[in-house]
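Taking it in order: structure first as structure tokens, then the write-up.
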Amino acid sequence: MGGCVWLDSAQQSEALGRYSYMAALPFSTLRIDKPTASAVDQLTHLSHSFHTAKVPELPPMQGGWMGWFGYEMGNCFESVPTAKYNEFQLPIANLGLYDVVLSWDHLTGQSWIVSQGWPVLNPAKRQSHAYRRLRKFTQILENAPAPHSEFTHAQRQFRLPAHRLAPQFSTRWSPQWTSNFSSAEYRAAVQRCVEYIYAGDVFQVNLSQRLVRQATCPPEELYLHLRQANPAPFAGYTDFGRTQLLSCSPERFLSLNERVIETRPIKGTRPRLSNPLADAGIGELLQASEKDRSENVMIVDLMRNDLSRVATSDSVKVTSLCGLEKYPFVWHLVSVIQAQLASHRDASDVLHATFPGGSITGAPKIRAMEIIAELEPTVRGPYCGSLGYISFAGDMDLSILIRTISACDGWWQAPVGGGIVAASKPDLEEQETWHKAEGIMRAIDSLPTASR
81 MGGCVWLDSA
91 QQSEALGRYS
101 YMAALPFSTL
111 RIDKPTASAV
121 DQLTHLSHSF
131 HTAKVPELPP
141 MQGGWMGWFG
151 YEMGNCFESV
161 PTAKYNEFQL
171 PIANLGLYDV
181 VLSWDHLTGQ
191 SWIVSQGWPV
201 LNPAKRQSHA
211 YRRLRKFTQI
221 LENAPAPHSE
231 FTHAQRQFRL
241 PAHRLAPQFS
251 TRWSPQWTSN
261 FSSAEYRAAV
271 QRCVEYIYAG
281 DVFQVNLSQR
291 LVRQATCPPE
301 ELYLHLRQAN
311 PAPFAGYTDF
321 GRTQLLSCSP
331 ERFLSLNERV
341 IETRPIKGTR
351 PRLSNPLADA
361 GIGELLQASE
371 KDRSENVMIV
381 DLMRNDLSRV
391 ATSDSVKVTS
401 LCGLEKYPFV
411 WHLVSVIQAQ
421 LASHRDASDV
431 LHATFPGGSI
441 TGAPKIRAME
451 IIAELEPTVR
461 GPYCGSLGYI
471 SFAGDMDLSI
481 LIRTISACDG
491 WWQAPVGGGI
501 VAASKPDLEE
511 QETWHKAEGI
521 MRAIDSLPTA
531 SR
């Protein structure tokens, strides 16, 4: 079905992964191809046109915008350069406006189909339209075809020629994956970030390398495999035609619920180990690491400052600092910042004040973004942007698009990166990117042979 979005709490907990949502066939779409100052105004205008009060007994997303914002959406808010190469020419935002949403409460085991009846404005006709849409989606669910995993000849042929990609370099993982950096170049870029830090330009830069390989199976098949192999509370899948996103993100960028804003920046990573005692020890070492805690606190300060631009006076609070969280392949340090949204502000104001997230730029944000554009050869696209929803009631929940594959034009792109600070060592920073890539790489390596 067109415009399919699945916000998938594949790793479930009451605090982070309680609800999952699925929607398709939006009644309106918003594709933003170039950054302009008025781009988000389009989203805001339509959101206000269909404002609907929330039913408290239901999961919070009861219709509205669902989709993704790319990293370069930040150029709508700040004037910064972009990277040299942009081979895939993806939009900077791709969203649908959905009047019907399927939702699951993983805590209670309940599920719903919510039908709002938009875009019909007449109340009586809107109710009739809501019932028709409800019946349509019920029939779709009852008659859903069996999943298939055939990767057709046409799909294989529709591939951007390799010679049109930015310069590619072999990787340590496998010959199928290449990077937009050589190993030596990535370490040199890390060292250049450190030099900028000592020169006083920045405190931290988030540097990434883009990994690519040819697609070998349908994206939906790969996603179903990924969500089992590397579950995450902010996982998700989108299909807007030419491009599919397959995300196993552990990181919440922004939540807005009952006018309370929350952000959960991740900074600090260690690989998981197979021996339970050694694994626990690695987690303890991460939590005690002065470098990693410093890296995390820098981003906490940045996000506190960003939120203060749209929050009520003195409401910005750090409710958890450098908490230790474990995921299938890595340990992370995670902080939580909350604030009360000012009365004259809404979700689009929060997005404007904070996007892109500080955990994937560095600090100060604008100078860090300038350095990223200078050092990274290719645009980031969806990577380091956000996936999620903005509801008709004004609530919002967005992830940071890390641990994410973009499937487009016959290629899988899987960028990985990390925060560079004054104490960073180039070889260790490069190694950290491979720890973060491990979940995705191992999942693909374990695909059935015919799909690899």
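Residue numbers (our numbering): 81 to 532. Beta carbons: idealized from backbone N, C-alpha and C, even for Gly.
How should residue i be labelled, buried or exposed, when 16 other C-beta atoms within 10 angstroms of its C-beta is the threshold for buried?
| i | result |
| --- | --- |
| Gln289 | buried |
| His233 | Because His233 sits at a pLDDT of 49, beneath the cut-off of 50, its placement in the model cannot be relied upon, and the following sentence gives the value as read from the coordinates. It is exposed - the Cβ of His233 has fewer than 16 other Cβ atoms within 10 Å. |
| Ala530 | Residue placement at Ala530 cannot be trusted, given a pLDDT of 47 that sits under 50; the coordinates are not used to answer. |
| Gly519 | buried |
| Asn155 | buried |
| His424 | exposed |
| His243 | exposed |
| Pro106 | buried |
| Gln196 | buried |
| Ala133 | exposed |
| Asp394 | exposed |
| Glu512 | buried |
| Thr188 | exposed |
| Arg293 | buried |
| Tyr407 | buried |
| Ala117 | exposed |
| Ile346 | buried |
| Pro203 | exposed |
| Leu455 | buried |
| Ala264 | exposed |
| Asn286 | buried |
| Ile220 | exposed |
| Glu137 | exposed |
Kindly list the residues whose CB is nearer than 6 Å to the CB of residue i, restricted to its own chain and excluding five residues on each side of it in sequence; keep chain order.
| i | result |
| --- | --- |
| Pro247 | none |
| Thr392 | Gln420, Ala422 |
| Gly84 | As written in the sequence, residue 84 is Cys, which differs from the Gly given in the question. Result list for Cys84: Ala104, Asp319, in chain order. |
| Arg483 | Cys328, Ser329 |
| Val416 | Arg344, Thr399, Ser400 |
| Arg434 | A small correction: the amino acid at residue 434 is Thr; Arg does not occupy that position in the sequence shown. Around Thr434: Asp386. |
| Val135 | none |
| Met378 | Phe283, Gln284, Ala443 |
| Arg447 | Asp281, Val282 |
| Leu291 | Trp257, Ser259, Ala494 |
| Arg373 | Cys402 |
| Ser335 | Glu342, Asp477 |
| Trp253 | Met521 |
Just to confirm the assignment, what range does the beta strand (DSSP E) spanning residue i have?
| i | result |
| --- | --- |
| Asn337 | 332 to 337 |
| Arg350 | 346 to 351 |
| Gln418 | 410 to 420 |
| Leu87 | 84 to 88 |
| Asp477 | 476 to 479 |
| Asp185 | 180 to 185 |
| Met146 | 144 to 149 |
| Leu401 | 397 to 406 |
| Glu342 | 340 to 343 |
| Asp319 | 314 to 319 |
Would you mind giving the Cβ-Cβ distance between residue i and residue j, rounded to the nearest angstrom? I have them listed as a contact below 8 Å.
| i | j | result |
| --- | --- | --- |
| Glu152 | Arg460 | 7 Å |
| Gly316 | Leu467 | 5 Å |
| Phe314 | Gly437 | At roughly 12 Å, the Cβ-Cβ gap does not stay under 8 Å, so Phe314 and Gly437 are not in contact. |
| Val270 | Glu450 | Rounded, the Cβ-Cβ distance is 17 Å, inconsistent with contact. |
| Thr258 | His515 | Between His515 and Thr258 the Cβ distance is about 19 Å, and since that is not below 8 Å, they are no contact. |
| Gly150 | Pro495 | Rounded, the Cβ-Cβ distance is 12 Å, inconsistent with contact. |
| Pro356 | Gln91 | Not quite, the Cβ-Cβ distance comes to about 19 Å (not below 8 Å), so this is no contact. |
| Leu123 | Ser108 | No, Leu123 and Ser108 are not in contact; Cβ-Cβ is about 11 Å, not under 8 Å. |
Tell me which same chain residues have a C-beta within less than 8 Å of the C-beta of residue i, skipping the five on either side of it?
| i | result |
| --- | --- |
| Arg215 | none |
| Lys164 | Ala246, Pro457, Thr458 |
| Asp113 | Pro171, Ile172 |
| Ser479 | Phe314, Gly316, Ser327, Ser329, Glu331, Arg332, Phe333, Ser466, Leu467, Gly468 |
| Pro140 | Tyr99, Lys134, Asn337, Ser471, Ala473, Asp475, Asp477 |
| Ala517 | Trp253, Leu291, Ala494, Val496 |
Counting along the chain, where does the alpha helix (DSSP H) carrying residue i start and finish?
| i | result |
| --- | --- |
| Thr441 | First-last for Thr441: undefined, no H or E at that position. |
| Ser486 | Run containing Ser486: none in the alpha helix (DSSP H); it sits in the beta strand (DSSP E), 484 to 488. |
| Asp372 | 370 to 388 |
| Phe107 | Premise fails: Phe107 is in no alpha helix (DSSP H) and is neither H nor E. |
| Thr218 | 203 to 222 |
| Gly519 | 506 to 525 |
| Asp121 | 119 to 129 |
| Val274 | 263 to 278 |
| Ile452 | 445 to 455 |
| Ala309 | 299 to 309 |
Closer than 7 Å by C-beta to residue i: which residues in its own chain qualify, once you throw out the five before and the five after it? Chain order, please.
| i | result |
| --- | --- |
| Ala295 | Ala487, Gly490, Trp491, Trp492 |
| Val120 | Cys156, Ser428, Leu431, His432 |
| Asp179 | Phe107, Gly143, Ser195, Gln196, Gly197, Trp198, Arg213 |
| Val274 | Ile500, Ala502, Ser504 |
Is residue i a contact residue of the ligand FMN, with contact defined as CB to any heavy atom under 7 Å?
| i | result |
| --- | --- |
| Val270 | This structure lacks the ligand FMN, and indeed carries no ligand of any kind. |
Inset, instruction - Flag this pair as touching only if the stretch 433 to 449 and the stretch 403 to 412 have three or more C-beta atom pairs under 8 Å; answer yes or no. - result: With a cut-off of 8 Å on Cβ pairs, the stretch 433 to 449 is not in contact with the stretch 403 to 412, counting fewer than three such pairs.
Inset, instruction - Assess, as a yes-or-no matter, whether the stretch 173 to 190 is touched by the stretch 499 to 507 under the definition of 3 or more beta carbon pairs within less than 8 Å. - result: no
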